[in-house]
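Chemist: One structure coming up, written as structure tokens, with questions to follow.
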Amino acid sequence: MPRLRIILGLLLLVAPALALATDNASLFQHYQTLLERHLTEQELPGDGLVSAFDYEEALRQEDTQTLLGQQADALAAFDPAGLAGKARSVAFWINAYNFFMIHQILTERPDGELVSSVWDYGGRLNPFRDNIFQRSLFTIGGQDYSLDQMEKDILLGEGYQQRGWMDARVHFAVNCAAVGCPPLRKAIYTEDNLETLLTENTRLALNTPRHLTIDGSTLRLSAIFDWYRMDFGEEAGSVRSFIRQWADTDVGARANQTNAIDYIDYDWALNQPDNFPELSQ
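Here you go:
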């Protein structure tokens with residue numbers, strides 16, 4: 002009997018950790034709090050969507066740095082090798098990417114000021130320093146990752162492709178903290194809502210003029226479709242086929258009637274409320 006009590010006691014101690022290891026909602030609870038407080042989602046005419054994160058307001062809150070630290074610590078202690086199945090794994094890496102992007106903006110502030118664009122960290126404007134997507138700054142399970150590793154090497158990489166887990170709709174879920182990105186959502190991605198959110202976010206983006214417009218016979222698309230055309234082609238056969246598959250029926254039909262594709266200039270300004278005219282209308 003004493004031995005049974007010991008075993009039961011150990012199980013009670015381990016159970017919360019096991020739950021945390023398999024439940025994205027629990028693992029990302031501090032990130033969820035930040036989203037609920039500081040992210041605004043705005044529906045647009047035509048069933049589109051924009052969202053903005055209020056970094057300035059977040060910095061004014063006394064417990065923001067605590068929340069960022071608690072979330073970063075939880076991920077540093079979490080071993081992603083224990084993730085089971087496509088939905089749980091894909092949801093985890095989308096959440097991790099989006100959290101660490103916000104974490105970066107709020108914690109690395111040159112001269113104490115928010116950057117105006119992620120390129121302020123290096124890359125295009127400072128070619129002598131790796132851009133923020135290439136820098137291995139983010140610790141998960143004791144290993145340092147870059148944002149590019151999370152997106153391109155894992156979510157869209159060969160390993161997931163071989164398992165049948167690669168999904169081009171991920172391009173409409175990861176958010177690079179820029180106005181030109183598909184909208185960040187208040188909901189944490191989980192095993193249960195992954196399919197719904199990937200489908201919804203892709204459809205909403207394709208209803209938003211920042212990502213798709215039709216100008217006469219020209220289909221104008223977010224530069225994402227240019228940069229990652231191979232991903233869309235491998236999944237659906239072509240960019241147009243991808244749009245027909247995931248856009249609203251009328252959008253897909255109208256897009257199919259165009260005979261040229263052009264790309265919309267990508268807006269790299271920080272995705273804060275002041276940079277979205279739609280939020281002041």
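So the sequence shown is residues 2 to 282, counted in the numbering used here.
We put the beta carbon where it would ideally sit given N, CA and C, even for glycine.
No experiment lies behind these values; they were computed from the predicted model shown.
Three-state secondary structure (DSSP) at S218?
Modeler: Looking at S218 - three-state DSSP - the assignment turns out to be coil, as it is neither helix nor strand.
Chemist: With a 10 Å radius around its C-beta and 16 neighbouring C-beta atoms as the bar for buried, classify D266 as buried or exposed.
Modeler: exposed
Chemist: For my contact list, I215 and R255 are in at a C-beta cut-off of 8 Å; report their separation, rounded to the angstrom.
Modeler: 5 Å
Chemist: Take F54 as the anchor and find which of L220, R164, L271, R204 has the nearest alpha-carbon.
Modeler: L271
Chemist: Would you call D112 buried or exposed, if buried means 16 or more other Cβ atoms sit within 10 Å of its Cβ?
Modeler: exposed
Chemist: Please name the residue in C177, Q144, L60 whose C-alpha comes closest to that of I95.
Modeler: C177
Chemist: Where do the ends of the alpha helix (DSSP H) carrying Y32 lie?
Modeler: 30-39
Chemist: So what's D275 in DSSP terms, helix, strand or just coil?
Modeler: Three-state result, D275: helix.
Chemist: Roughly how many angstroms lie between the CA atoms of V116 and I106, to the nearest whole one?
Modeler: 7 Å
Chemist: From V91 to D154, what distance separates their C-alpha atoms?
Modeler: Spanning the two alpha carbons is a distance of roughly 12 Å.
Chemist: So is W247 buried or exposed if we call it buried at 16+ other beta carbons inside 10 Å?
Modeler: buried
Chemist: Mark G49 as exposed unless 16 or more other C-beta atoms lie within 10 angstroms of its C-beta, in which case mark it buried.
Modeler: buried
Chemist: Starting from L115 and walking both ways along the alpha helix (DSSP H), at which residues does that stretch end?
Modeler: It is not in any alpha helix (DSSP H) - L115 carries neither H nor E in the DSSP assignment.
Chemist: Any heavy atom of the ligand MG closer than 7 Å to the Cβ of L36?
Modeler: For the structure depicted, the ligand MG is absent and the ligand set is empty, with no information on it obtainable.
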